[in-house]
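A.B. asks: Would you mind keeping the following structure in view while I ask a few things?
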Amino acid sequence: MSRSKLDPERRERFKTDFVGFHKRFADELGICVPRDYWVVHGTRH
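Positions in the sequence shown are counted from 1; adding 12 to them yields our numbering.
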C-alpha cells in the first residue's frame with residue numbers, strides 16, 4: 013500500500029514512525045542504516 017492511500021491520521025503516524033526509526037541511525041554524515049546482506053561468489057553456467 014502506498015503512503016498516499018492512507019487516511020490522514022495513519023499517514024501522519026507513518027511519517028512519525030518512519031522519521032523516528034531513521035533518527036536512530038543519524039550520524040555526522042547523515043543517516044547510515046545498517047543492513048544485513050549476502051555475498052555470493054560463483055560462476056553462472
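Backbone N, C-alpha and C define an ideal beta-carbon position, used for all residues, glycine too.
Just the Cα atoms here: how many angstroms apart are Ala38 and His53?
C.D. replies: Spanning the two alpha carbons is a distance of roughly 32 angstroms.
A.B. asks: Output the distance between the C-alpha atoms of Lys35 and Phe26, rounded to the nearest integer angstrom.
C.D. replies: 14 angstroms
A.B. asks: Which residue's Cα is closest to the Cα of Cys44: Phe33, Trp50, Val51?
C.D. replies: Phe33
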